[in-house]
Ligand SMILES: Nc1nc2c(ncn2[C@@H]2O[C@H](COP(=O)(O)OP(=O)(O)OP(=O)(O)O)[C@@H](O)[C@H]2O)c(=O)[nH]1
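In the numbering used here, the protein residues as written are 469 to 780.
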C-alpha cells in the first residue's frame, strides 16, 4: 500500500471507529464463537448486518451469496467465512461507474439535501478540496429557502477562498443559478458548486424546482458536465435510505455524500445505498472542518470495517 493510501486508510478506520465497533466486534465474536456453520451461525450474522444498518434486502443478498460460496468451496470452519463475507459485501457494493468526472472537466455540481444533513458544510468542504487542486471554483447560494443558509455559505466561501454568487433570502433559486452560470462563464470557472434546497415534504415543488434549474443549465451551460449529489446524514440510518430513494425519484442522482460518518455506528448504510439504489457514495464527511471530507472507495470501506489490526 502506498504512503498516501495508508494515510487515507488510517483516517478512514479512525473516522469509522463507531461503525467498526458495532459491526466488526460482532462479526469477530461470531467467527470465533461458533464451531460449525449452521442456521444459528447465519442468523447471528444476519442480525449483525441488520443492526449495522446494512438493510434487509442487502443483508439477504449478502447472506445468499455467502452461503453459495461456502457450498462451492466446501467450507466447514466458521472462521474461514470471514474472507468470503468480505467478498460478498464488496460484490453488493459494486455499482459500476464511480468516476469523479467533475474534478477533471468543466462542470456544474448540484448539491441537494434536506436541511440539517450537512449540505452547506459539504459544499464548503468540496470547494476547499477543489481549490487545493488549483481549480477555479464558484459557489451558487441557491438554497434560498432557509434564512441564514446564504450567510453560512458565504462564510464557507471565505474559508475556502472561492467566489460566491447569490445568497439573498427568498430569491428565486433558478435565478441564482442563472446568475452563477454567467459568472462561471465570465470568470472561466472549472467547477460551479450549486447549493440547492431539498424540501421533501413537497416533492412536486422540489421536482419542479430541480427541473427548472436543469433547464437553465441545459440552455445556458451545455458545455459543462453535470453532477447531482445528494447529501445524507449517516446518523439517521434507514431514514437516509428513504431520503435517497425519494430524491432519486425527483432527479437523476449521480452520487451520494454521506455526512457525519464520524459520529455514527450506522455507517453500514453505505452498503444499503449501493445495494438497494445502485447509486455510488462518492464522499463521506468525517468531521466538521474543511478537511473532513474523504473520497469514498467501497472496497477500502469494507476492508476498513473488518480491519482488526489498527489501534483505535
Ligand atoms: N461530526 C460531523 N458534523 C458534521 C459533518 N457535516 C456537517 N456537520 C455538522 O452538521 C451541522 C449541520 O450542517 P449544515 O451544513 O449547516 O447543514 P445543512 O444541511 O446545510 O443545513 P441547512 O443549512 O439548514 O440546509 C453543523 O453543525 C455541521 O458542523 C460531518 O461530516 N461530521
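Where is the CB? At the ideal position from N, CA and C, for every residue including glycine.
*Within the same chain, show all residues whose beta-carbon is closer than 8 Å to that of residue 781, passing over the 5 residues directly before and after it, in chain order.*
No answer is possible for residue 781: it lies beyond the span of the chain, which begins at 469 and ends at 780.
*If we call anything under 9 Å between Cβ atoms a contact, is residue 785 one with residue 749?*
The structure shown does not extend to residue 785, since the chain is modelled only from 469 to 780, so the question has no answer here.
*Three or more beta-carbon pairs under 8 Å between the stretch 522-539 and the stretch 736-755, yes or no?*
Contact between the stretch 522-539 and the stretch 736-755 is present, because at least three Cβ pairs lie under 8 Å.
_Contact check, residue 796 vs residue 591, beta carbons under 9 Å_ = There is simply no residue 796 to check, as the chain begins at 469 and stops at 780 in what is shown.
*residue 684 in three-state terms, based on DSSP*: Residue state, collapsed to three classes: helix.
*Locate the beta strand (DSSP E) running through residue 749, then write down its first and last residues.*
Run containing residue 749: 749-753, per the beta strand (DSSP E) assignment.
*N- and C-terminal bounds of the beta strand (DSSP E) containing residue 699*: Counting along the chain, the beta strand (DSSP E) containing residue 699 begins and ends at 693-701.
*asked:* Does residue 484 come out as helix, strand or coil in the three-state DSSP assignment?
replied: In this structure, residue 484 counts as coil in the three-state DSSP scheme.
*To which residues of the same chain is residue 745 closer than 7 Å at the C-beta, ignoring the five residues directly before and after it?*
The beta carbon of residue 745 sits closer than 7 Å to those of 712, 713, 716, all from its chain and outside the five residues before and after it, given in chain order.
*asked:* Here's the rule: buried if 16 or more other CB atoms are within 10 angstroms of the residue's CB, otherwise exposed. What is residue 690?
replied: With fewer than 16 other CB atoms across the displayed protein chains lying within 10 angstroms of its CB, residue 690 is exposed.
_Rounded to the nearest angstrom, what separates residue 680 and residue 642 at their Cα positions?_
Between residue 680 and residue 642, the C-alpha separation is close to 6 Å.
*Could you pull the start and end residues of the beta strand (DSSP E) that residue 725 belongs to?*
Where residue 725 is concerned, the enclosing beta strand (DSSP E) stretches over 723-727.
*In terms of residue numbering, what span does the beta strand (DSSP E) encompassing residue 630 cover?*
Neither: residue 630 is in no beta strand (DSSP E) and is coded neither H nor E.
*Sort out for me which residues DSSP pairs residue 704 with in a bridge.*
The bridge partners DSSP lists for residue 704 come to none.
*May I ask whether a heavy atom of ligand 1 can be found less than 8 Å away from the beta carbon of residue 753?*
Flag set: Cβ of residue 753 near ligand 1.
_For residue 593, the first and last residue of its enclosing alpha helix (DSSP H)_ = Where residue 593 is concerned, the enclosing alpha helix (DSSP H) stretches over 587-600.
*Quick one: is residue 616 buried, meaning 16 or more other Cβ sit within 10 Å of its Cβ, or exposed?*
Counting C-beta atoms within 10 angstroms of its own C-beta, residue 616 has fewer than 16 neighbours from the protein chains shown and is therefore classed as exposed.
*Between which two residues does the beta strand (DSSP E) carrying residue 761 extend?*
For residue 761, the uninterrupted beta strand (DSSP E) run begins and ends at 761-763, by DSSP.
_To the nearest angstrom, how far is the alpha carbon of residue 780 from that of residue 486?_
Confidence at residue 780 is low in this model, with a pLDDT of 43, below 50, so the placement of that residue should be treated as unreliable; the coordinate-derived value is given next. Those two C-alpha atoms are separated by around 10 Å.
*Could you name the residues of the same chain whose beta carbon sits closer than 7 Å to that of residue 614, not counting the 5 residues immediately before and after it, in chain order?*
If we look at residue 614 and ignore the five residues flanking it on each side, its Cβ neighbours are 583.
_Same chain only: Cβ atoms within 7 Å of residue 554, ignoring 5 sequence neighbours per side_ = Within the same chain, 770, 774 come within 7 Å of residue 554 by CB-CB distance, once the 5 residues on both sides are set aside.
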